[in-house]
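S.K.: Letter by letter, the sequence shown follows residues 74 to 192 in our numbering. Have a look at this one before I ask anything.
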Amino acid sequence: MDEITYSEAVLQEYKVGMGSFSEKLPEVARAFHAFTESCFEDGKLNRKDKQLIALAISVHANNEYCILYHTKGCLDAGGTEEEMMEAIGVAAALGGGSAMSQGVTIWQDALEDFIGIVQ
Numbered sequence: 074m075d076e077i078t079y080s081e082a083v084l085q086e087y088k089v090g091m092g093s094f095s096e097k098l099p100e101v102a103r104a105f106h107a108f109t110e111s112c113f114e115d116g117k118l119n120r121k122d123k124q125l126i127a128l129a130i131s132v133h134a135n136n137e138y139c140i141l142y143h144t145k146g147c148l149d150a151g152g153t154e155e156e157m158m159e160a161i162g163v164a165a166a167l168g169g170g171s172a173m174s175q176g177v178t179i180w181q182d183a184l185e186d187f188i189g190i191v192q
């Protein structure tokens, strides 16, 4: 018997979970699948670029299932390791930018508001 990889096991776990969900809410599952499939069809952006975007968002959102799913999606769409690394770099910049923008705005405003209350 062949051993499966960690990634294959996680994706299988997702498929089992979606199968159970689909049995209990088939209309919702069909609508979800139809929607997501249409989102990844070639349009002004091609499927590979959409998978790279999805991978970057998955990394930023820390969503393990989507990271695995969209890594495979990138590979299936012809994405290269270098392209995926660049997408992950963009996710890292976004994550750092998000933390910085919140720190220099909302946090500073909250600090100013609360200093008068705390002291």
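Quick reminder that beta carbons are idealized off the backbone N, C-alpha and C, glycines included.
1. For Thr109, is the classification buried or exposed, using 16 other Cβ atoms within 10 angstroms of its Cβ as the cut-off for buried?
2. Quick check on Cys112: buried or exposed, where buried means 16 or more other Cβ atoms within 10 Å of its Cβ?
3. Using 8 Å as the cut-off, can you tell me whether the stretch 138-154 makes contact with the stretch 82-90, which would need three or more C-beta pairs spanning the two stretches below that distance?
4. Just verifying my parser: in three-state terms, what is the DSSP assignment at Glu114?
5. Flag this pair as yes or no: are the beta carbons of Ala160 and Leu125 separated by less than 8 Å?
M.R.: Let's see:
1. Looking up residue 109 in the sequence shown gives position 36. Its Cβ having fewer than 16 others within 10 Å, Thr109 is exposed.
2. The residue given as residue 112 occupies position 39 in the sequence shown. Cys112 should be labelled exposed.
3. yes
4. As a position in the sequence shown, residue 114 is number 41, starting the count at 1. In this structure, Glu114 counts as coil in the three-state DSSP scheme.
5. The residue you call residue 160 lines up with position 87 of the sequence shown. The residue you call residue 125 lines up with position 52 of the sequence shown. Yes. Within cutoff.
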